[in-house]
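**Q** One structure, as structure tokens, below. Some questions next.
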Amino acid sequence: MDRTRPLNLLLAGALALGGLAALSPAAQAADSELARNGGFEAGLDGWSCTGGSGTVVPSPVHGGTKALQATPAGSDNAKCSQTITVKPQSTYTLGGWVRGSYVYLGVTGTGTTDGYTWTQSAPDWQKLSTTFTTGANTTSVTVYTHGWYGTPAYQADDLSLFGPGGAPVEIPATPTGLAAGSPTSTSVPLTWPAVAGATSYKVYRGGTAVGTATGTSYTATGLTPNTAYSFQISAVNSAGESARSTAVNATTTSGGGGGGGELPARALVGYLHASFANGSGYTRMADVPDSWDVINLAFGEPTSVTSGDIRFKLCPVAECPNVESEADFKAAIKAKQAVGKKVLISIGGQNGQVQLATTAARDTFVSSVSKIIDDYGLDGLDIDFEGHSLSLQTGDTDFRSPTSPVIVNLIQAVKTLKAKYGAKFVLTMAPETFFVQLGYQYYGSGPWGGQDPRAGAYLPVIHALRDDLTLLHVQDYNSGSIMGLDHQYHSMGGADFHIAMTDMLLTGFPVAGNTERFFPGLRPDQVAIGLPASTQAGNGHTSPTEVNKALDCLTKKQNCGTYQTHGTWSSLRGLMTWSINWDRFNQWEFSRNFDAYNWS
């Protein structure tokens, strides 16, 4: 949040396209056709497409009555693949017909040099072909086709692999050792040992298939708090599916974590410029209207970016002539708390970047934040890390198990504070869309590098602390356009942006398009919408009329416009704004509209 002017973050740039050269040596005689359902007459049988990007269409087709159509989206290039048994040290020809722009046909796992061929533009069906030789120990390869990022849908048909067939594939053995990790209120993590010959695993809950994993772990999400569940898995390859494993049972936690149980069902959250004026004028704590249920003191800032040593002091008299004394400020906090209000210290902001890169900085963070909370008698902590406070190191690709020190140390620090202060400790977060919803398309530097390592960097923090989190209020302002779950880009300033961004938080989404790394949705009572209080407060100001439309859609499924939510979130907690000071500057328009809104 900006104390001087709005901070505009640019979206991560598109991945560079380069080094692409057609590989199409002369085809050699083949022994037999090895690809299964290469004409897609049996739908997607035998093929696996990333992110649900593939479907079968009746037109256009090259041969038969059906063809594959796949649509790239975000960081998903719409890759459809099939693993095929082959013989070592043998030559094969891969071929097929494609339509579209930047369409690829290739093979991996050859044990020698993997090959591919591509076309930059094929407005009508075009033949692609490449050959390869398997290595001395190669018994299977994966053939694939895919498009390119940001391009329209492509079509593929009559894909084939000619060459000597390998040994018959056998159905994998039944998996053993299925284990359930520590459940949350809405999820259960599952792990198991690998099964020889398996290319994927099916996950069953209560006897019903609920998901697929290519690795040896899966997190069941969208579960009900305090409920017992039974899980099984089976091993799958091209020959078929094994019997199901022995069931493992797990019970979700009771939920409602994060303290804040004393918050009203509809809460209004605001930031109070306690340490600076920012052009909006200083507002004394005692003068904050009763409309505000959570008051975040802006800001606690570090002595240096990497110290972890957080300090807070009231605005100097030279900048804020009407600032109250420390004693009056503390007395006003107690008065607010006496009528049920929560007062938190907010750490960070635009100027207060915090990087807990070492365990020493982590421990200093805990001790210094504790001192502020104790000195002022506060109810908890708001994390408003911006700029370069959080980023993901190269290779840190799974939000469920982060390895970047600044992420891991922050999580540990907050858990320590939560344990120290107990169940009534209020924990809120105010990330920007760049660090949360952008994770639907991009996560960290990406599989090929070149992306902004901050993209989606709040996701591991939110996920690890979801059972301790009272409120998440993403800043739906000072933002570039963000892709929603409808694969459309949404721009700030109107109801549509808040509807799409909030629906993502409540529904959950695959991170960077990877369906095996699904960020589970939060409870509606953990979510508030973050908006600027006035046009001066930040880019993306939303009029009261549009704010009400967003609330109507999210809580009542009314006035939704073109975006349709994935649920009706009647227990959505409320709104957050930057800031109380700017709302006062704007004649209290924001808080008056909140108070007047009909939630029923």
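Just so we're aligned: the sequence shown equals residues 460 to 1059 in this note's numbering.
Glycine included, every Cβ here is placed at the ideal spot set by N, Cα and C.
Considering only residues of the same chain and omitting the five flanking positions on each side of residue 733, which have a CB-CB separation below 7 Å?
**A** Against the sequence shown, residue 733 aligns to sequence position 274. Hits under 7 Å: 756, 757, 773, 774.
**Q** Could you tell me which of 953, 943, 662 sits nearest to residue 964, measuring between CA atoms?
**A** Position 505 of the sequence shown, counting from 1, holds the residue named residue 964. When only C-alpha atoms are compared, the closest one is 943.
**Q** When you compare the CB positions of residue 641 and residue 495, do they come within less than 8 Å of one another, or not?
**A** For the purposes of this step, residue 641 is taken as the residue at position 182 of the sequence shown. For the purposes of this step, residue 495 is taken as the residue at position 36 of the sequence shown. No. Outside cutoff.
**Q** I need the straight-line Cα distance from residue 991 to residue 999, nearest angstrom please.
**A** For the purposes of this step, residue 991 is identified with residue 532 of the sequence shown, where counting begins at 1. For the purposes of this step, residue 999 is identified with residue 540 of the sequence shown, where counting begins at 1. Computed Cα separation, rounded: 7 Å.
**Q** Just how far apart, CA to CA, sit residue 1056 and residue 958?
**A** As a first step, residue 1056 must be located in the sequence shown, where it is residue number 597. As a first step, residue 958 must be located in the sequence shown, where it is residue number 499. Approximately 17 Å, taken between the alpha carbons.
**Q** With the cut-off set at 8 Å, would you say residue 828 and residue 815 are in Cβ contact?
**A** One-based indexing of the sequence shown puts residue 828 at position 369. One-based indexing of the sequence shown puts residue 815 at position 356. No, Cβ-Cβ distance for residue 828 and residue 815 is not below 8 Å.
**Q** Start and end of the beta strand (DSSP E) containing residue 785?
**A** By 1-based counting over the sequence shown, the position of residue 785 is 326. Per DSSP, residue 785 belongs to no beta strand (DSSP E); it is in the alpha helix (DSSP H), 785-797.
**Q** Between which residues of its own chain and residue 1020 is the CB-CB distance below 6 Å, once the five residues before and five after are set aside?
**A** Counting from 1 along the sequence shown, the entry for residue 1020 is found at position 561. Cβ neighbours of residue 1020 beyond the five flanking positions: 955.
**Q** How about residue 1002 and residue 1045: do their beta carbons lie closer than 8 Å?
**A** Position 543 of the sequence shown, counted from the start, is the residue given in the question as residue 1002. Position 586 of the sequence shown, counted from the start, is the residue given in the question as residue 1045. Their beta carbons are not under 8 Å apart, which means residue 1002 does not touch residue 1045 by this criterion.
**Q** Within the region 975-1046, note down every full alpha helix (DSSP H) run reaching 4 residues or more, in order along the chain.
**A** Here the runs fully enclosed are 1003-1015, 1039-1044.
**Q** Have a look at residue 654 and residue 630 and give me their C-alpha separation to the nearest angstrom.
**A** To locate residue 654, count along the sequence shown from 1; it is residue 195. To locate residue 630, count along the sequence shown from 1; it is residue 171. Going by the C-alpha atoms only, they are around 11 Å apart.
**Q** How long is the line joining the alpha carbons of residue 704 and residue 972, rounded to whole angstroms?
**A** Numbered from 1 along the sequence shown, position 245 holds the residue referred to as residue 704. Numbered from 1 along the sequence shown, position 513 holds the residue referred to as residue 972. Cα to Cα, the separation comes out at about 29 Å.
**Q** Can we say the region 789-800 touches the region 849-860, given the rule of at least three CB pairs closer than 8 Å?
**A** Too few Cβ pairs lie closer than 8 Å, so no.
**Q** May I ask whether a heavy atom of the ligand GDP can be found less than 7 Å away from the beta carbon of residue 1038?
**A** Of the ligands one can find in the structure shown there are none, so the ligand GDP has no counterpart to examine.
**Q** Any idea if residue 475 is buried or exposed, counting beta-carbon neighbours within 10 angstroms, 16 or more meaning buried?
**A** On the sequence shown, position 16 is the one that residue 475 refers to. In this prediction, residue 475 has a pLDDT of 31, which is less than 50 and means its spatial position is unreliable; what the coordinates show is noted afterwards. By the 10 Å Cβ count, residue 475 comes out exposed.
**Q** If you draw a straight line from the alpha carbon of residue 920 to that of residue 618, how long is it in whole angstroms?
**A** Translated into positions along the sequence shown, residue 920 becomes position 461. Translated into positions along the sequence shown, residue 618 becomes position 159. Going from the Cα of residue 920 to the Cα of residue 618 covers about 43 Å.
**Q** Between the C-alpha atoms of residue 602 and residue 760, what's the straight-line distance to the nearest angstrom?
**A** Mapped onto the sequence shown, residue 602 falls at position 143. Mapped onto the sequence shown, residue 760 falls at position 301. Each residue's alpha carbon lies about 53 Å from the other.
**Q** Taking 8 Å as the limit between beta carbons, can you name the residues of its chain near residue 865, skipping five residues before and five after?
**A** If you number the sequence shown from 1, residue 865 lands on position 406. Here the set comprises 814, 815, 816, 848, 849, 850.
**Q** Which word fits residue 673, buried or exposed, when buried means at least 16 other C-beta atoms lie within 10 angstroms of its C-beta?
**A** In the sequence shown, residue 673 corresponds to position 214, counting from 1. Exposed is the call here.
**Q** Taking Cβ positions, are residue 1013 and residue 929 nearer each other than 8 Å?
**A** The count along the sequence shown starts at 1 and reaches residue 1013 at position 554. The count along the sequence shown starts at 1 and reaches residue 929 at position 470. Taking 8 Å as the Cβ cut-off, residue 1013 and residue 929 do not qualify as a contacting pair.
**Q** With a CB to CB cut of under 7 Å and the five nearest residues on each side skipped, what residues in its chain are close to residue 1058?
**A** As a first step, residue 1058 must be located in the sequence shown, where it is residue number 599. Cβ within range, chain order: 725, 1014.
**Q** Return helix, strand or coil for residue 1048, following the three-state DSSP convention.
**A** Counting from 1 along the sequence shown, the entry for residue 1048 is found at position 589. Three-state result, residue 1048: helix.
**Q** Ignore the nearest five residues each way along the sequence and tell me which others in residue 925's own chain have a CB closer than 7 Å to its CB.
**A** Walking along the sequence shown from the start, residue 925 turns up at place 466. So the qualifying residues of the chain are 643, 981.
**Q** Starting from the Cα of residue 530, find the closest Cα among 615, 748, 798, 805 and give me that residue.
**A** As a position in the sequence shown, residue 530 is number 71, starting the count at 1. Ranking the options by Cα distance to residue 530, first place goes to 615.
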